[in-house]
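S.K.: Each residue of the sequence shown is one higher than the last, beginning at 206 in the numbering used here.
Encoded as structure tokens, here's the structure I'll be asking about.
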Amino acid sequence: MTGPTDRPQRWNRLLELLAESGRLSVEEAAERLGVSLATVRRDFTALAEQQLATRTHGGVVATSVAYDLPARYRQTGGEAKQRIAEHAAGLIEASSVVGINGGTTTTAVARALAGRTDLAEAGGDQLTIVTNALNIAGEMVLRPHLRTICLGGVARRESYELHGPLAERALAELRLDALILGVNAITADGGAQCRHLDEAGVTTEMVRRSRHVLVVATADKLERTALARICGIEQVHVLVTDTDADPAAVAQIRAAGVRVDLV
206 MTGPTDRPQR
216 WNRLLELLAE
226 SGRLSVEEAA
236 ERLGVSLATV
246 RRDFTALAEQ
256 QLATRTHGGV
266 VATSVAYDLP
276 ARYRQTGGEA
286 KQRIAEHAAG
296 LIEASSVVGI
306 NGGTTTTAVA
316 RALAGRTDLA
326 EAGGDQLTIV
336 TNALNIAGEM
346 VLRPHLRTIC
356 LGGVARRESY
366 ELHGPLAERA
376 LAELRLDALI
386 LGVNAITADG
396 GAQCRHLDEA
406 GVTTEMVRRS
416 RHVLVVATAD
426 KLERTALARI
436 CGIEQVHVLV
446 TDTDADPAAV
456 AQIRAAGVRV
466 DLV
């Protein structure tokens, strides 16, 4: 069989299938993913242990949880995502105040920022990171050359993001030089989009408080739409995506006045 060998990829696909039908058998999952029955059984057991599904005789059924994998189980690698992260991190000026929302791509950008030797060696004012993502704050606070501000609020277990009135109230007192914005979708017509309304509220406020908005998104994000709009395309200054991006979608976004960097 030649199905996905990476566990996070399989789990994402299994949860997508489960969200569609509410119930999934071992045999059906093995056929859809192109993996062995034994692999599916192990995955089903692991999903049940993580309370992402309920194990039944011969399969699993959906539980009343959101069908986003918690961030620690999601694929965070990939050459394209790493190229995007390193390029975006290189666009940030030293001593600036940078907002970063949650997500695997923005987490990669935060790590690339933390690894910039010029920031570690620079004297004077520190780079300040303002984030609503607990995982990003937890990593960045360990870097003595960075100042980390974590917004308060209610935590979403899938993305480790904080949202709600507390986060938005904290943002009202802050000014951001730049925002590294991760999205679930971006189009010329729909602007920057995400899957969850509560996430959109705080992220939209981050856009309002930023002088410069830099969206980081892999090529697939240019070919889809999502439920909630974060901001219009006219509020995005730069989009960093990979060279697999659809040329027509790139052309439309550029025509809307956005600088698009293909890496």
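Cβ atoms here follow ideal geometry from the backbone N, Cα and C, with glycine treated the same way.
Quick check on Q398: does DSSP put it in helix, strand or coil?
M.R.: strand
S.K.: Residues in the same chain with beta-carbon distance under 7 Å from G462, minus the five sequence neighbours each way, listed in chain order, please.
M.R.: E439
S.K.: So what's E410 in DSSP terms, helix, strand or just coil?
M.R.: helix
S.K.: Given a cut-off of 8 Å on the beta-carbon distance, is the pair I305 and I341 in contact?
M.R.: yes
S.K.: Kindly indicate which three-state DSSP category S301 falls into: helix, strand or coil?
M.R.: coil
S.K.: Note down, in chain order, each residue of its chain lying with its Cβ closer than 8 Å to the Cβ of L356, except the 5 sequence neighbours on either side.
M.R.: V335, T336, N337, L367, L371, A372, A375, L376 and V407
S.K.: Taking 7 Å as the limit between beta carbons, can you name the residues of its chain near A271, skipping five residues before and five after?
M.R.: Here A271 scores only 46 on pLDDT, less than 50, and its place in the model is too uncertain to base an answer on.
S.K.: Please classify A456: does DSSP put it in a helix, a strand, or coil?
M.R.: helix
S.K.: Nearest to L444 by alpha carbon, out of H292, G320 and A253?
M.R.: The candidate whose alpha carbon is nearest that of L444 is H292.
S.K.: Could you spell out where the alpha helix (DSSP H) holding S415 opens and where it closes?
M.R.: Element bounds for S415: n/a, residue is neither H nor E.
S.K.: Considering only DSSP beta bridges, list what V346 is partnered with.
M.R.: For V346, which the question treats as bridged, DSSP gives no partner whatsoever.
S.K.: Could you tell me which uninterrupted beta strand (DSSP E) segments, each at least 3 residues in length, are contained entirely in the stretch 318-397, listed from first to last along the chain?
M.R.: 332-336, 351-355, 383-387 and 390-392
S.K.: Closer than 7 Å: is that where the CB of E373 sits relative to any heavy atom of the ligand NAP?
M.R.: The ligand NAP is absent from the structure shown, which contains no ligand whatsoever.
S.K.: For the alpha helix (DSSP H) holding V231, just list the boundary residues, first then last.
M.R.: V231 to L238
S.K.: Quick one: Cα of L339 to Cα of R361, how far?
M.R.: 10 Å
S.K.: H343: buried (16+ other C-beta within 10 angstroms of its C-beta) or exposed?
M.R.: Note that residue 343 is Gly in the sequence shown here, rather than His. Exposed, by the Cβ-count rule.
S.K.: Following the continuous beta strand (DSSP E) through R434, name the residue where it begins and the one where it ends.
M.R.: A433 to C436
S.K.: Given this structure, state the Cα-to-Cα distance separating R212 from D330, to the nearest angstrom.
M.R.: D330 has its alpha-carbon roughly 42 Å from the corresponding atom of R212.
S.K.: If we ignore side chains and look at the alpha-carbon of each, how far apart do I297 and E254 end up?
M.R.: 41 Å
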